[in-house]
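Asker: In this note's numbering, the protein residues as written are 329 to 400. Every residue, glycine too, gets a C-beta built ideally from N, C-alpha and C. Treat the numbers as computed from the prediction; the structure is a model and nothing was measured.
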């Protein structure tokens, strides 16, 4: 059986391991996105937009939709 004092030593280590896991999988996921994007060039001539390009396009699309609504 685990004593309460031993449990308080384990919990911070589990939290640190969780943060490391999240950080590493995030970095690897971003890397995987760009690797897949690079190899997708052979299948399609136009590359899909990056997440940053999608974020930049949102305000412009939002402004266009507001302009079209104000025309009515």
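Round the Cβ separation of residue 368 and residue 375 to the nearest angstrom and send it over; I've been treating them as touching at under 8 Å.
Answerer: Rounded, the Cβ-Cβ distance is 7 Å, consistent with contact.
Asker: Grab the span of the alpha helix (DSSP H) containing residue 357 for me, first residue to last.
Answerer: Where residue 357 is concerned, the enclosing alpha helix (DSSP H) stretches over 332-367.
Asker: Helix, strand or coil for residue 375? Go by DSSP, reduced to three states.
Answerer: Reduced to three states, the DSSP call for residue 375 is coil.
Asker: Rounded to whole angstroms, what's the CA-CA distance from residue 355 to residue 331? Just pull it up for me.
Answerer: Near 37 Å, if we compare the C-alpha coordinates of residue 331 and residue 355.
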